[in-house]
Structures are given as C-alpha cells and as structure tokens.
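Read through the structure below, which is laid out as structure tokens, and then see the notes.
Residue numbers (full-length UniProt numbering): 1 to 289.
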C-alpha cells in the first residue's frame, strides 16, 4: 500500500515536471490561437459587464476596441464563427444591451469544448498555461528541454507563404475567389441558420437586442457566389433584425486586406470609424462616450 502511494506521488511529480518543461518551449501556431481564443472567452466570463458585445470569427478579431473596453467587448475568435460567441454570452448571467453578430463563416460549429476549457480552473488562474495531453510529451519534452538548455527558439517554416508578401497576398485572394465561387450546400446553410435562430431567440427573450453585420472583405470577394448567398439567406431568415452591410462598414475606404479576408491595419482604422456610428448610442447611454 505504501509502495503504491510512493509510486503515485513520484508519477505526479514527474508529470508536473513534464508540464513545466513543456511550457518552456515555444508555442505552435495552433497553441497560440487556442490560448488567445480561450483567454478571450475566459476574460469575458470573469470580468466583462459591458453593454455592447461583438461575436464573430477571426475577421472580427482584427477589430481593436482597446480604447473602449468599458463599453465594448470583442468575442472575435480565430477559426470560429459567431455561434461560439453567442454560446459564450449565454454562459454567464450578465446581459449586454446589444449583441452584434457577424454573419461571415456561418457553417462553422459552435466550439463548446473551447468554452468549457475557458470556464475552467486553469484558464481563470493560469492564462498563460496550455494543457497538452500526456501522449504528446514523448517528443515535446526532449525538444523543449534541448531548446531551454541552448536558449534558442525552435525554427518554424511557414509552408506556402511566399517571401514576397504582395505575391502571397495575391495568391491568397485568388484561392479565396475560387473557394467562394462555390455555393455553400443548402442543407448546411439551413441547419446553421436554425442554430442561429434558436440562440438569437433566446437572447431576445432576455431583452437583448441583436444586430447582424457583415465584415468587409476584398471587394472582388464581396460579390462572390457564396458571400452573396449567405448575405441573402440571413436577411431572409431574420427580416425583423437590423443589418449592417459590409458596404456601410467599408464606406470611404479602399479595402486592401492582408489575404483577401482579414483587414490590414489601415482597413481596421476605417472600419472602426464607420462601425462606431452604429454602437456609440449604447455607449452614451452608459456614459462612456
């Protein structure tokens, strides 16, 4: 019995050492995105009492509301859709006045595992920590230990990224044009619209106003088959809700983007200026503007 206890203690200590060593290694891109998304959600669950919330994908994540943190919270999540953000809002008791819902990428599932993880002990108390299952440590431990001793970062290779940024951007836009030329399967879109409807009905029953918006993309992509299909479907499915069009958000701006989809810094400044016209009244009601 005593031997078993000793063995258990030794294993726990060894596992703790593995965790510590692994955290010394550089994060992978996937880990960085996961950590950013998890901490975005965790901070909202713990601290946010703002009247205005944005729920969306990585397109929304490019928007910087850092000057208005008392009024606006951005649940823009990399690789996710607004469905995840809507579930986050429903997770906590605080009711914002208005929720702005991005319609881009509606086909993505709500990431309930991410939300559960963000609402857990580690995310709330150790936001820099990334849990990695023990099965992954065989290679990671040796790699992390080596680079810790050598004090040298792991070298990463960005596959498919041309050294010429403009050429890479052009290639990305061409790829997006090809992808978005195809219509989304009607059954997939119908299923997702039903999910949006259920979540939005729940928010509206709680007295929360819901407004849709479409993030601007590269102009040629804005008129692609899939983008127009999604835009039309949301307007037909939610005729009683207000919509902020991508054209309104891009008014007076020559949208460039970094890859056809995500805004560059100049784009962000212009879009935020236009977007403020829509939510500033709610901030004024709370005395923030």
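Where a beta carbon is used, it is the ideal one built from N, C-alpha and C, also for glycine.
Give me, in chain order, the residues of the same chain whose beta-carbon lies closer than 8 Å to that of residue i; leave out the 5 immediate sequence neighbours on both sides.
i, result
"residue 203", "86, 89, 90, 99, 210"
"residue 50", "69, 70, 71, 72, 73, 96"
"residue 107", "81, 184, 188, 189, 192"
"residue 262", "58, 59, 62"
"residue 264", "256, 257, 258"
In three-state DSSP terms, what is residue i?
i, result
"residue 75", "strand"
"residue 85", "helix"
"residue 230", "helix"
"residue 255", "coil"
"residue 280", "helix"
"residue 268", "helix"
"residue 197", "helix"
"residue 59", "helix"
"residue 28", "coil"
"residue 206", "coil"
"residue 108", "coil"
"residue 140", "In this predicted model, residue 140 has a pLDDT of only 42, less than 50, meaning its place in the structure is not dependable enough to derive any value."
"residue 219", "helix"
"residue 67", "helix"
"residue 238", "coil"
"residue 250", "coil"
"residue 182", "coil"
"residue 263", "coil"
"residue 119", "coil"
"residue 166", "helix"
"residue 80", "coil"
"residue 224", "coil"
Using DSSP's beta-bridge definition, name the partner residues of residue i.
i, result
"residue 188", "Paired residues: none, contrary to the question."
"residue 213", "102, 244"
"residue 52", "72, 98"
Quick one: Cα of residue i to Cα of residue j, how far?
i, j, result
"residue 230", "residue 82", "14 Å"
"residue 188", "residue 287", "42 Å"
"residue 165", "residue 257", "12 Å"
"residue 36", "residue 45", "14 Å"
"residue 206", "residue 66", "27 Å"
"residue 284", "residue 244", "20 Å"
"residue 196", "residue 58", "18 Å"
"residue 42", "residue 56", "16 Å"
"residue 251", "residue 190", "30 Å"
"residue 32", "residue 38", "10 Å"
"residue 259", "residue 170", "7 Å"
"residue 240", "residue 101", "14 Å"
"residue 114", "residue 34", "8 Å"
"residue 117", "residue 201", "26 Å"
"residue 223", "residue 167", "22 Å"
"residue 281", "residue 269", "20 Å"
Can you round the beta-carbon distance between residue i and residue j to whole angstroms, since I take them to be within the 8 Å contact cut?
i, j, result
"residue 52", "residue 279", "5 Å"
"residue 177", "residue 220", "6 Å"
"residue 255", "residue 216", "5 Å"
Skipping 5 residues on each side, what residues in its chain have a beta carbon closer than 7 Å to that of residue i?
i, result
"residue 183", "225, 226, 229"
"residue 316", "With the chain running from 1 to 289 in the structure shown, residue 316 is simply not present."
Kindly list the residues whose CB is nearer than 6 Å to the CB of residue i, restricted to its own chain and excluding five residues on each side of it in sequence; keep chain order.
i, result
"residue 77", "37, 84"
"residue 64", "none"
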